[in-house]
Amino acid sequence: MPTLNLKSNHKTIRDYYTTLQQYAQQGIKHEGAVSSPFDTLLHVCAKQMNATFVPQHVMQTASGSRIVIDGAILDEYGLPLGYWEAKDIDDDLAKAIQEKRDAGYPLDNTLFQTPQRAILYQNGAEVLDIDITAPANLIAALQYLFAYVPPALDNWHTAVSDFREHVPDLASKLKELIEQRYETDAAFKKTFTDFYETCRTAINPELSQDAVEEMLTQHILTERIFRTVFNNSAFTRRNIIAREIENVVDALIQQAFSREEFLKPLDRFYVAIEQAAMLCRDFTQKQHFLNTFYEKFFQGFSADVADTHGIVYTPQPIVDFMVNSVAHILETEFDRSLSDTGVHIIDPFVGTGNFIVRLMQDIRGTALEEKYRHELHCNEVMLLPYYIASLNIEQEYFQRTGTYLPFEGIALADTFELLEQEQGELFTRENTERVRKQKAADMFVVIGNPPYNTRQVNENDNNKNRTYETMDKLLRETYSKDSKATNKNALSDPYVKAILWASKRIGEEGIVSFVTNNGFLDSVAFDGMRKHLADDFDAIYILDLGGNVRKNPKLSGTTHNVFGIQVGVSINLFIKRDATGIDPRTNDIFYRRID
Numbered sequence: 016m017p018t019l020n021l022k023s024n025h026k027t028i029r030d031y032y033t034t035l036q037q038y039a040q041q042g043i044k045h046e047g048a049v050s051s052p053f054d055t056l057l058h059v060c061a062k063q064m065n066a067t068f069v070p071q072h073v074m075q076t077a078s079g080s081r082i083v084i085d086g087a088i089l090d091e092y093g094l095p096l097g098y099w100e101a102k103d104i105d106d107d108l109a110k111a112i113q114e115k116r117d118a119g120y121p122l123d124n125t126l127f128q129t130p131q132r133a134i135l136y137q138n139g140a141e142v143l144d145i146d147i148t149a150p151a152n153l154i155a156a157l158q159y160l161f162a163y164v165p166p167a168l169d170n171w172h173t174a175v176s177d178f179r180e181h182v183p184d185l186a187s188k189l190k191e192l193i194e195q196r197y198e199t200d201a202a203f204k205k206t207f208t209d210f211y212e213t214c215r216t217a218i219n220p221e222l223s224q225d226a227v228e229e230m231l232t233q234h235i236l237t238e239r240i241f242r243t244v245f246n247n248s249a250f251t252r253r254n255i256i257a258r259e260i261e262n263v264v265d266a267l268i269q270q271a272f273s274r275e276e277f278l279k280p281l282d283r284f285y286v287a288i289e290q291a292a293m294l295c296r297d298f299t300q301k302q303h304f305l306n307t308f309y310e311k312f313f314q315g316f317s318a319d320v321a322d323t324h325g326i327v328y329t330p331q332p333i334v335d336f337m338v339n340s341v342a343h344i345l346e347t348e349f350d351r352s353l354s355d356t357g358v359h360i361i362d363p364f365v366g367t368g369n370f371i372v373r374l375m376q377d378i379r380g381t382a383l384e385e386k387y388r389h390e391l392h393c394n395e396v397m398l399l400p401y402y403i404a405s406l407n408i409e410q411e412y413f414q415r416t417g418t419y420l421p422f423e424g425i426a427l428a429d430t431f432e433l434l435e436q437e438q439g440e441l442f443t444r445e446n447t448e449r450v451r452k453q454k455a456a457d458m459f460v461v462i463g464n465p466p467y468n469t470r471q472v473n474e475n476d477n478n479k480n481r482t483y484e485t486m487d488k489l490l491r492e493t494y495s496k497d498s499k500a501t502n503k504n505a506l507s508d509p510y511v512k513a514i515l516w517a518s519k520r521i522g523e524e525g526i527v528s529f530v531t532n533n534g535f536l537d538s539v540a541f542d543g544m545r546k547h548l549a550d551d552f553d554a555i556y557i558l559d560l561g562g563n564v565r566k567n568p569k570l571s572g573t574t575h576n577v578f579g580i581q582v583g584v585s586i587n588l589f590i591k592r593d594a595t596g597i598d599p600r601t602n603d604i605f606y607r608r609i610d
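Start counting the sequence shown at 16; every next residue gets the next number (the working numbering).
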């Protein structure tokens, strides 16, 4: 872990004292002002430590009360490294600490501070009480704060590194076991074959047996995590897909295999993740933790899957902006709201469920049950994010209502495959019924982060993006047909298909809000796509976030990209009003680049 590099003559320290001196000369003593220089100092220190300082951090106490702490220092998983509470010059700091303790504020690694004094609590006990009017003492207080790592967090960081090393080997052994049982056990072979055929029908007729073995492996390796992180022991019974996979696992383990014994090498990791999850004070923290774990898991488990599906967790500020924008457009353009009956919303590539969860937070409590039961929809084609999305969405509903209600708006399905006229049984009867209801609904809002994997760098790579008969035919007859480019390969990228799919799915009016690769904005191959977007929509808003590392050699690495990826990114809002012959489409396009 990095060490804090601060000295008395550093500009950051000098600026801190200079600002406080200026406030004193003006007679400014209130907390809102005198805390700001220390806030700036914590931002600088957190950056040095590869952490994030979050001011005005909202969290829940152990009793469930909502509190706002002046600052939290979070690691890359969103887990808390420390906290800060500021008081003004005239406050009795010891008395204030007792009040915060009584209110349930965390004392794991918390610095209470006034401009003259700092008191540090670690593991519930006071470890430092120091006058910080002297630079050396100020630096010492900060070093104590940033040097401490909660034991559960320390164990987690070590375990996750080991996990990424051991998972491929354990997954390989599990795959060998599945294949061996397939050859030697007729009962397991039948169960697995039936499940494989179900997967081919539900997800992709071209699905390989290896892919289904991988799905089974993912389930076995992660099922305990879903049970324990969300304290949901009934997960595999409640979730319609997990239930089917457990039937295959039962056939696998009969007489020949102990799940507990096989997974014993990962015990240390499971315990570490369970202890780390206990550091999450509320559902939002727990959700971020699980989402980040999911990203890291795929990096260790299956780089090919991560590459094809573009496993990227959408940063929360982007999710917030997109949801707020949709709500604003609904109100200003259609005189409607997210809570209104008839405003069906779909995230066709739901990932871990962040967009649906965020939408639920803006739906009125009186309307939530109706929207949750009937008008929120989403699809996911991969097993692990499907599990996480189900848990996240159901947990959000439970948080809002105090009642557990299965979320029936999610389907394990490939959105592009659903364009085909007929589907057979899609995994289970319940999953098939969910897809049927979704296809019958008139979608008004499409929102999300579609996969936008570009062509593989190595043309010999077997990890190609798949084809879809109806979707690809629609693409040829629209974007491709009206393009003057000679090389149209880029039109095969999934995000292009996603935009085309969404433009058709909302019918005559509605909103599409996607964060995507920004290549379609100016590349020659997308001229036909741009023409159709201008024709199909009345208003288009593009917020170009830039970040194309390959196009701009001045951008080193991926630090200038909101997703930490190589391709540029844009947030796109497409608005379609119900057109009539009297009121033709207006084709207004608004573009803003953020450098």
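From the three backbone atoms N, C-alpha and C, an ideal C-beta is built for every residue, glycine too.
What did DSSP end up calling residue i once you bin it into helix, strand or coil?
i: M64; result: coil
i: G525; result: strand
i: A500; result: coil
i: I361; result: strand
i: T214; result: Note that residue 214 corresponds to Cys in the displayed sequence, not to Thr. Three-state DSSP puts C214 in a helix.
i: T367; result: coil
i: N464; result: coil
i: Y387; result: helix
i: V472; result: Because V472 sits at a pLDDT of 29, beneath the cut-off of 50, its placement in the model cannot be relied upon, and the point is left open.
i: T33; result: helix
i: L515; result: helix
i: Y136; result: strand
i: T531; result: strand
i: H45; result: coil
i: E276; result: helix
i: T482; result: coil
i: A149; result: coil
i: T208; result: helix
i: D508; result: coil
Around the C-beta of residue i, are 16 or more other C-beta atoms found within 10 angstroms, so that it is buried, or is it exposed?
i: F529; result: buried
i: Y606; result: exposed
i: P165; result: buried
i: S625; result: Nothing can be reported for residue 625: it is not among the residues displayed for the chain, which extend from 16 to 610.
i: M293; result: exposed
i: D551; result: buried
i: G522; result: exposed
i: R196; result: buried
i: V142; result: exposed
i: G97; result: buried
i: S498; result: buried
Leaving out five residues before and five after residue i in sequence, what residues of the same chain have Cβ atoms less than 7 Å from its Cβ?
i: A382; result: S354
i: K503; result: S495, A540
i: Y211; result: Q224, V227
i: E198; result: none
i: S248; result: R242
Leaving out five residues on either side along the sequence, give the residues of the same chain with a beta carbon under 6 Å from the beta carbon of residue i.
i: N464; result: T329, V530
i: I514; result: none
i: A500; result: V539, A540
i: F459; result: V358, H359, G525
i: I557; result: S585, N587, Y606
i: L21; result: I154
What does a CB cutoff of less than 8 Å around residue i pick up in its chain, not counting 5 residues either side in sequence?
i: D30; result: P52, T55
i: L35; result: V49, P52, P130
i: P17; result: Q63, M64, N65
i: E46; result: A101, K102, D103, D106
Looking at the secondary structure, which residues open and close the beta strand (DSSP E) in which residue i lies?
i: I587; result: Residue identity check: residue 587 is Asn in the sequence provided, not Ile. Here the beta strand (DSSP E) through N587 covers 584–591.
i: Y556; result: 554–561
i: A140; result: 140–146
i: L391; result: 391–395
Could you check where the alpha helix (DSSP H) with residue i kicks off and where it finishes?
i: R253; result: 250–253
i: N607; result: What sits at residue 607 in the sequence shown is Arg, not Asn. Unbroken run through R607 is the beta strand (DSSP E), 603–608; no alpha helix (DSSP H).
i: N339; result: 331–349
i: S354; result: That residue, S354, is in no alpha helix (DSSP H); it is neither H nor E in DSSP.
i: Y163; result: No alpha helix (DSSP H) contains Y163, which DSSP labels as neither H nor E.
i: I378; result: No alpha helix (DSSP H) holds I378; DSSP gives it neither H nor E.
i: L536; result: From DSSP, L536 is part of no alpha helix (DSSP H); its letter is neither H nor E.
i: R242; result: 224–244
i: D542; result: 542–551
Task: Minimum length 4: unbroken alpha helix (DSSP H) runs contained in the stretch 55–133 - done: Whole alpha helix (DSSP H) segments, 4+ residues: 108–117.
TODO: Jot down the residue ranges of each uninterrupted alpha helix (DSSP H) in the stretch 399–461, minimum 4 residues, whole runs only, in chain order.
DONE: Runs found: 444–455.
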